[in-house]
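Engineer:
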Ligand code: AMP
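Shown next, in the form of structure tokens:
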């Protein structure tokens, strides 16, 4: 199997989605955003969407088994053959362990895990601006929900970082820099891995 397989980690509002979209074209990688997949299900009004809506609005996480099977199906698709950027997955240690197993079973490995580091205060400002500027405001872009999502990030998602650090895969990037500067840093990481 060819292609780079990358994970983007970082709290809500850290710029994962923005950067993943830029790098998707540049490196012919497929951005796989579990948040986008869930929002599509909500828009479609299907069973998954109905379940996802209340959980997302609360700022909580969807069950691990559901998210693991969603990603497992997706990374086996032909458009992921040249590699992918996981944006928003894994979000818990069990998801990270399940990802290891599924990659191993598919004969794939990870090139890098990139953490976009942004302090909580900066995230509040960003999310409030995103909510003020966006025409279709995300239901979970409110100060209240952001607070919950940050607690969830620190409690359940950040513990994955040492897991990847031990494997020598973790690269941390200062996500408070201007978008273009972050992009340049990410490009040099991706070119080197
Ligand atoms: P995001 O767009 O990545 O910030 O995700 C929005 C919301 O979707 C999250 O707050 C969770 O409710 C849900 N979600 C996205 N990815 C996952 C995941 N890997 N595990 C559990 N819940 C997720």
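Residue numbers (my numbering): 118 to 310.
Every residue gets a Cβ at the ideal spot worked out from N, C-alpha and C, and that includes glycine.
1. Starting from residue 297, trace the alpha helix (DSSP H) both ways and give me its first and last residue.
2. Return helix, strand or coil for residue 198, following the three-state DSSP convention.
3. Any heavy atom of the ligand AMP closer than 7 Å to the Cβ of residue 123?
4. When DSSP builds the beta bridges, which residues end up paired with residue 124?
5. Using only the alpha-carbon positions, how far apart do residue 131 and residue 292 sit?
6. So, for residue 152: in the same chain, excluding its five sequence neighbours on each side, which residues have a beta-carbon less than 6 Å away from its beta-carbon?
7. Report back the beta-carbon spacing between residue 173 and residue 212 to the nearest angstrom; my notes put them in contact at under 8 Å.
Structural biologist: Short version:
1. Start at 1 with the first residue of the chain shown, and residue 297 comes out as number 180. That run of the alpha helix (DSSP H) goes 296-309.
2. For the purposes of this step, residue 198 is identified with residue 81 of the chain shown, where counting begins at 1. Coil at residue 198, not helix or strand.
3. Your numbering for residue 123 matches position 6 in the chain shown. Incorrect: residue 123 has no Cβ contact closer than 7 Å to the ligand AMP.
4. Residue 124 sits at position 7 when you count from the first residue of the chain shown. Its beta-bridge partners are 203, 230.
5. Numbered from 1 along the chain shown, position 14 holds the residue referred to as residue 131. Numbered from 1 along the chain shown, position 175 holds the residue referred to as residue 292. Residue 131 and residue 292 have their alpha carbons spaced roughly 6 Å apart.
6. Taking the chain shown and counting its residues from 1, one reaches residue 152 at position 35. Same-chain partners within the cutoff: 205.
7. The count along the chain shown starts at 1 and reaches residue 173 at position 56. The count along the chain shown starts at 1 and reaches residue 212 at position 95. With a contact defined as Cβ atoms closer than 8 Å, residue 173 and residue 212 miss out at about 16 Å.
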